[in-house]
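All remarks here apply to the structure that follows.
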Amino acid sequence: MYNFVSGPLVWIAFIIFFAGMIYQFLRMLKSAQKDKVIYPYMSLKYSLRSLFHWIIPFASKNMRARYEVTIVTFIFHLSLILLPIFLAAHVVMFTFSWGPTWSVVSESTATFLTVLVILACLFFLIRRLMLPEIRFVTEPSDYLLLLIAAAPFLSGFIANRQWFDYETVLIIHMISGAIMLMAIPFTRLSHMLFFPFTRAYMGSEFGAVRRAKDW
Amino acid sequence: MGLAALPIVNDPGLDIPIQELTPERIAEVFNRVVDQETAARFKVYLNTCVHCGLCSDACHWFLSNDRDPRFSPVGKVKQTLWELIKKRGRVQPAFIKECSRIAHTECNVCRRCSMYCPFGIDIAYLLLTVRRICSELGVVPQFLQDTVNSHAVTLNQMWVKQDEWIDTLQWQEEDARAEVKTGRIPLDKEGADVFYSVIAPEPKILAQLIGNIAQIMAVAKVDWTMPSFDGWDNSNMAMYSGDFEIMGRVERAHHDAALRLKSRRIVMGECGHAFRGAVYDGPKWLGWREPPIPLIHAVEFYHELIFSGRLKISHKFETPVTVQEPCNIIRGRGLGPKLREIIQATCADFREPEPAFEHNYCCGAGGGTINCGPPWKTSRVKGNSVKAEQLAATGAHVIITPCHNCHSGIEDIVGAYKLGMHVKFFSEILMEVMEIPEELKA
Numbered sequence: 003m004y005n006f007v008s009g010p011l012v013w014i015a016f017i018i019f020f021a022g023m024i025y026q027f028l029r030m031l032k033s034a035q036k037d038k039v040i041y042p043y044m045s046l047k048y049s050l051r052s053l054f055h056w057i058i059p060f061a062s063k064n065m066r067a068r069y070e071v072t073i074v075t076f077i078f079h080l081s082l083i084l085l086p087i088f089l090a091a092h093v094v095m096f097t098f099s100w101g102p103t104w105s106v107v108s109e110s111t112a113t114f115l116t117v118l119v120i121l122a123c124l125f126f127l128i129r130r131l132m133l134p135e136i137r138f139v140t141e142p143s144d145y146l147l148l149l150i151a152a153a154p155f156l157s158g159f160i161a162n163r164q165w166f167d168y169e170t171v172l173i174i175h176m177i178s179g180a181i182m183l184m185a186i187p188f189t190r191l192s193h194m195l196f197f198p199f200t201r202a203y204m205g206s207e208f209g210a211v212r213r214a215k216d217w
Numbered sequence: 140m141g142l143a144a145l146p147i148v149n150d151p152g153l154d155i156p157i158q159e160l161t162p163e164r165i166a167e168v169f170n171r172v173v174d175q176e177t178a179a180r181f182k183v184y185l186n187t188c189v190h191c192g193l194c195s196d197a198c199h200w201f202l203s204n205d206r207d208p209r210f211s212p213v214g215k216v217k218q219t220l221w222e223l224i225k226k227r228g229r230v231q232p233a234f235i236k237e238c239s240r241i242a243h244t245e246c247n248v249c250r251r252c253s254m255y256c257p258f259g260i261d262i263a264y265l266l267l268t269v270r271r272i273c274s275e276l277g278v279v280p281q282f283l284q285d286t287v288n289s290h291a292v293t294l295n296q297m298w299v300k301q302d303e304w305i306d307t308l309q310w311q312e313e314d315a316r317a318e319v320k321t322g323r324i325p326l327d328k329e330g331a332d333v334f335y336s337v338i339a340p341e342p343k344i345l346a347q348l349i350g351n352i353a354q355i356m357a358v359a360k361v362d363w364t365m366p367s368f369d370g371w372d373n374s375n376m377a378m379y380s381g382d383f384e385i386m387g388r389v390e391r392a393h394h395d396a397a398l399r400l401k402s403r404r405i406v407m408g409e410c411g412h413a414f415r416g417a418v419y420d421g422p423k424w425l426g427w428r429e430p431p432i433p434l435i436h437a438v439e440f441y442h443e444l445i446f447s448g449r450l451k452i453s454h455k456f457e458t459p460v461t462v463q464e465p466c467n468i469i470r471g472r473g474l475g476p477k478l479r480e481i482i483q484a485t486c487a488d489f490r491e492p493e494p495a496f497e498h499n500y501c502c503g504a505g506g507g508t509i510n511c512g513p514p515w516k517t518s519r520v521k522g523n524s525v526k527a528e529q530l531a532a533t534g535a536h537v538i539i540t541p542c543h544n545c546h547s548g549i550e551d552i553v554g555a556y557k558l559g560m561h562v563k564f565f566s567e568i569l570m571e572v573m574e575i576p577e578e579l580k581a
């Protein structure tokens with residue numbers, strides 16, 4: 003079991019992740035051709051202007067108004083993407099199989115960031131349960147997606163602490179990581195891929211056509 | 140979740156057509172619209188939304204209805220499109236009435252929410268797609284559909300016949316000449332610098348606005364014209380009902396009229412939705428990237444006349460004023476700074492509203508919502524109490540409102556919330572403060 007999840011499953015997950023992302027990207031490009039307004043109005047200048055205001059914390063009005071969401075969201079997304087890449091345990095496994103290596107974050111930093119990701123997921127869950135406007139639009143899949151995002155971090159944290167049976171937890175950790183990777187292209191987690199493009203199009207429409215700000 | 144039922148509103152435009160519908164027919168139309176008329180934006184927007192609810196605070200309906208989640212932008216999408224998609228359009232006819240209520244009467248497609256969505260999802264576009272589906276099913280609020288029928292038959296919104304149109308212009312020309320000797324409304328003049336177009340309610344119920352512009356044009360010595368034939372009405376309610384074929388015809392007729400008269404540019408009266416239709420939604424549907432000839436809104440035109448010195452201001456308007464910023468020229472064309480400059484140039488005491496510019500609240504009437512008529516007035520006025528609070532907080536006595544829909548909507552709000560304020564078009568301010576040279580005075 004361990005050999006499968008740490009070997010073939012990782013391959014399968016990455017292949018599905020990358021192939022899925024490429025597939026969704028190409029499908030979007032093709033579909034954008036049919037949507038006759040997209041290519042004529044897309045503008046690099048205004049796309050970047052909009053992205054700039056929405057990837058810098060507090061650069062947009064709603065980010066300032068909902069500052070608590072902004073802080074949590076930025077910490078969550080940055081940790082979610084960077085932590086798995088710079089985690090010593092991951093890098094070691096990669097180096098062991100392939101050779102190349104890169105710098106890693108210290109174990110205490112890694113633990114700290116993991117806890118932050120878990121707390122952020124908790125924050126999102128509470129927000130979803132407590133705020134009527136979010137509860138109203140919440141579907142079971144929203145909880146599932148939150149679980150998919152939280153599971154690798156929760157299990158990774160437990161594995162690191164060596165609570166319960168280490169090997170079982172490690173297997174759960176690797177499976178949950180694989181599930182998240184494979185889910186990204188095919189669920190609403192695909193906002194990882196689509197976010198820059200929806201933002202860019204809106205930025206282009208606001209900037210080039212409507213000559214207005216969109217932040 | 141225990142949300143109180145919303146009052147049931149009877150509207151023959153919704154209640155009668157749904158009796159003829161079946162889930163099969165609805166599914167057929169829904170799938171046709173989704174398959175043939177939507178593509179990347181529709182799919183990506185729906186697949187990208189993570190149901191975070193951050194768009195909610197953008198919506199004046201949500202804010203005014205005590206944060207009722209049914210009025211949040213994403214809540215409106217959930218109650219319409221999510222359900223339609225889940226059931227592949229096989230829904231009961233009564234559901235389509237709900238869709239029309241939400242999309243036609245409880246959303247002004249003002250696009251404030253796309254400035255609050257972190258992903259920049261165009262939620263108004265999604266609700267316009269719902270309107271399109273309703274319209275294709277023949278389910279449109281009766282008053283709104285009547286204006287669309289008028290567009291279809293007469294190419295203007297108010298069933299104005301050509302002789303009435305010409306007669307009204309002659310009447311207003313006479314009125315203008317009672318004030319300014321050279322006041323003229325030149326009809327069908329070829330090669331004029333300005334092709335001036337208005338919305339049909341002007342000749343129908345607000346004819347004096349045309350007389351006003353005739354005086355302004357005369358004082359500023361503008362070379363202008365209006366057409367005696369179809370295409371003079373720049374309004375477009377079909378754009379908002381979801382009847383995009385009629386929308387395209389109306390927009391084409393407007394641009395064609397200006398091209399036929401070989402005008403150098405179009406200047407549009409103080410209306411926001413008309414501007415949006417002519418500059419953006421219409422051209423998009425017609426496959427034009429840009430309008431074929433330059434086209435500006437009255438605010439830009441007045442700015443040009445005042446700051447080029449062609450119009451002189453004799454004295455400033457003293458009463459404290461604030462401004463209603465029409466979505467379609469502020470969020471839709473970035474005219475916020477120019478609007479303030481012309482107000483500052485003509486008014487002594489300007490009170491800035493908060494929020495302002497692109498973030499200003501919608502009037503609650505635009506997007507075809509006020510055109511849904513009296514049955515929906517109560518919910519419309521209730522749905523914009525934040526606007527009443529915003530206006531009251533400025534302490535102004537006059538609200539300058541360079542848009543017809545805003546004008547009517549704000550008047551309703553001023554009345555319902557007893558604000559005791561007056562609503563004026565910018566041209567009405569201009570008429571009071573503009574200097575008429577002695578030699579031109581009648």
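Going down the list, the protein sequences come from chains A and B.
So the number in our numbering is just where the residue sits in the first sequence, counting from 1, plus 2.
So the number in our numbering is just where the residue sits in the second sequence, counting from 1, plus 139.
In this text, a Cβ means the ideal position worked out from N, Cα and C, and glycines have one as well.
Keep in mind the model is a prediction, meaning the values are calculated, not measured.
Put A:TYR203 into one of helix, strand or coil per three-state DSSP.
Taking the first residue of the first sequence as 1, we reach residue 203 of chain A at position 201. A:TYR203: helix per DSSP, three-state reduction.
If we cut at 8 Å on Cβ distances, does A:LEU133 have a partner in chain B?
In the first sequence, residue 133 of chain A corresponds to position 131, counting from 1. It does; some Cβ of chain B falls within 8 Å.
Local Cβ density within 10 Å of A:TRP165, reported as buried at 16 or more and exposed below that
Numbered from its first residue, the first sequence carries residue 165 of chain A at position 163. A:TRP165 comes out exposed.
Within 8 Å, strictly: CB atoms of A:ALA214 and B:GLY559:
The residue labelled residue 214 of chain A in the question sits at position 212 within the first sequence. The residue labelled residue 559 of chain B in the question sits at position 420 within the second sequence. Not in contact: A:ALA214 and B:GLY559 (Cβ atoms no closer than 8 Å).
Answer with buried or exposed for A:TRP56, where buried requires no fewer than 16 other C-beta atoms within 10 angstroms of its C-beta.
Mapped onto the first sequence, residue 56 of chain A falls at position 54. By the 10 Å Cβ count, A:TRP56 comes out buried.
Any chance you could list the alpha helix (DSSP H) runs of at least 4 consecutive residues sitting entirely within the stretch 207-260 of chain B, in chain order?
212-216, 222-225, 232-239
Apply the 10 Å Cβ neighbour rule to A:LEU146 and answer buried if 16 or more other Cβ atoms are within range, or exposed otherwise.
By one-based count along the first sequence, residue 146 of chain A stands at place 144. Counting Cβ neighbours within 10 Å, A:LEU146 comes out exposed, since fewer than 16 surround it.
For B:TYR255, go through chain A and note every residue whose CB falls closer than 7 Å to its CB, in chain order.
Here residue 255 of chain B is taken as the residue at index 116 of the second sequence, counted from 1. In chain order: ASN64.
Does at least one heavy atom of the ligand FAD sit under 7 Å from the Cβ of A:ILE73?
This structure lacks the ligand FAD; in fact it carries no ligand of any kind.
Below 8 Å on the Cβ atoms is my guess for B:THR293 versus B:LYS328; work out the distance and round it to an integer in Å.
On the second sequence, position 154 is the one that residue 293 of chain B refers to. On the second sequence, position 189 is the one that residue 328 of chain B refers to. 23 Å between Cβ atoms; not a contact.
List the residues of chain A that B:PHE93 touches, going by C-beta distances under 9 Å, in chain order.
Nothing in the structure corresponds to residue 93 of chain B, since chain B is present only between 140 and 581.
By the 8 Å beta-carbon criterion, what residues does the stretch 182-195 of chain B contribute toward chain A?
LYS182, VAL183, TYR184, ASN186, THR187, CYS188, VAL189, HIS190, CYS191, GLY192, LEU193, SER195
Where A:PHE114 sits in the DSSP three-state scheme
If you number the first sequence from 1, residue 114 of chain A lands on position 112. In this structure, A:PHE114 counts as helix in the three-state DSSP scheme.
Distance, Cα to Cα, A:PHE199 vs A:SER52?
Here residue 199 of chain A refers to the residue found at position 197 when the first sequence is read from its first residue. Here residue 52 of chain A refers to the residue found at position 50 when the first sequence is read from its first residue. Straight-line Cα distance between these residues: approximately 11 Å.
Residues in its own chain within less than 8 Å of A:SER62 by CB, not counting five upstream and five downstream?
Taking the first residue of the first sequence as position 1, residue 62 of chain A is located at position 60. For A:SER62, where only same-chain residues beyond five positions count, the Cβ hits under 8 Å are HIS55, TRP56, TRP217.
Mapping the DSSP letters down to three states, classify B:THR461 as helix, strand or coil.
As a first step, residue 461 of chain B is located in the second sequence; it is residue number 322 there, counting from the start. Here B:THR461 sits in strand by DSSP.
Between B:ASN204 and B:GLY522, what straight-line distance do the alpha-carbon atoms span, to the nearest angstrom?
Position 65 of the second sequence holds residue 204 of chain B. Position 383 of the second sequence holds residue 522 of chain B. Distance between the alpha carbons of B:ASN204 and B:GLY522 is about 6 Å.
Secondary structure of B:LYS563, DSSP reduced to three states
Taking the first residue of the second sequence as position 1, residue 563 of chain B is located at position 424. In the structure shown, B:LYS563 sits in a strand (DSSP, three-state: E or B).
Residues in its own chain within less than 8 Å of A:VAL117 by CB, not counting five upstream and five downstream?
Here residue 117 of chain A refers to the residue found at position 115 when the first sequence is read from its first residue. Contacts found: PHE159.
Taking Cβ positions only, does A:VAL119 come closer than 8 Å to chain E?
The structure shown contains no chain E; its protein chains are A and B.
Counting beta carbon pairs with one atom in the stretch 342-351 of chain B and one in the stretch 296-307 of chain B, are three or more of them shorter than 8 Å?
yes
Rank B:ASP488, B:ALA581, B:GLY475 by C-alpha distance to the C-alpha of B:PRO541 and give the top, closest one.
As a working note, residue 541 of chain B is residue 402 in the second sequence. Residue B:GLY475 is the option with its Cα nearest to B:PRO541.
The stretch 485-505 of chain B contacting the stretch 240-251 of chain B, beta-carbon criterion three pairs below 8 Å
yes
With DSSP as the reference, please indicate the residues paired to B:VAL183 in a beta bridge.
Locating residue 183 of chain B in the second sequence gives position 44, counting from the first residue. Beta-bridge pairing links B:VAL183 to no other residue.
Output, in sequence order along the chain, the residues in the stretch 496-509 of chain B whose CB is closer than 9 Å to any CB in chain A.
PHE496, GLU497, HIS498
Does the beta carbon of B:GLY214 sit closer than 8 Å to a beta carbon anywhere in chain A?
Position 75 of the second sequence, counting from 1, holds the residue named residue 214 of chain B. B:GLY214 counts as touching chain A.
Which residues in chain B have a C-beta closer than 7 Å to the C-beta of A:VAL74? List them in chain order.
As a first step, residue 74 of chain A is located in the first sequence; it is residue number 72 there, counting from the start. Ordered by position in chain B, no residue passes the 7 Å Cβ test against A:VAL74, which lies about 11 Å from the chain.
Could you give the residue range of the alpha helix (DSSP H) that holds B:HIS543?
Position 404 of the second sequence, counting from 1, holds the residue named residue 543 of chain B. Taken as a continuous stretch (DSSP letters only), the alpha helix (DSSP H) holding B:HIS543 covers 543-555.
Quick one: what's got a C-beta closer than 6 Å to B:PRO431's C-beta in the same chain, skipping five residues either side?
Here residue 431 of chain B corresponds to residue number 292 of the second sequence, with the count starting at 1. Cβ neighbours of B:PRO431 beyond the five flanking positions: HIS394.
Take A:PHE155 as the anchor and find which of A:ILE181, A:ILE136, A:LEU133 has the nearest alpha-carbon.
The count along the first sequence starts at 1 and reaches residue 155 of chain A at position 153. Checked all of A:ILE181, A:ILE136, A:LEU133; the closest Cα to A:PHE155 is A:ILE181.
Selection from B:LYS477, B:LYS455, B:THR321 that minimises the alpha carbon distance to B:PHE446:
Translated into positions along the second sequence, residue 446 of chain B becomes position 307. Of the listed residues, the one whose Cα sits closest to B:PHE446 is B:LYS477.
Quick check: what's the CA-CA separation for A:PHE197 versus B:VAL462?
Position 195 of the first sequence, counted from the first residue, corresponds to residue 197 of chain A. Position 323 of the second sequence, counted from the first residue, corresponds to residue 462 of chain B. Their Cα atoms are separated by approximately 35 Å.
List, in order along the chain, the chain B residues whose C-beta lies closer than 7 Å to that of A:ASP167?
By 1-based counting over the first sequence, the position of residue 167 of chain A is 165. Result: empty, since nearest Cβ-Cβ is about 34 Å, beyond 7 Å.
Going residue by residue through the stretch 371-427 of chain B, where are the continuous alpha helix (DSSP H) segments of at least 4 residues, counting only ones entirely within it?
377-380, 383-399, 411-415, 421-425
Figure out for me which residue from B:SER524, B:ASN288, B:LEU569, B:ILE260 has the closest Cα to the Cα of B:GLU550.
As a first step, residue 550 of chain B must be located in the second sequence, where it is residue number 411. The residue with the shortest Cα to Cα distance from B:GLU550 is B:SER524.
Give a yes or no on whether the minimum CB-CB distance between A:ARG212 and chain B is below 8 Å.
To locate residue 212 of chain A, count along the first sequence from 1; it is residue 210. Judged by the 8 Å Cβ criterion, A:ARG212 is in contact with chain B.
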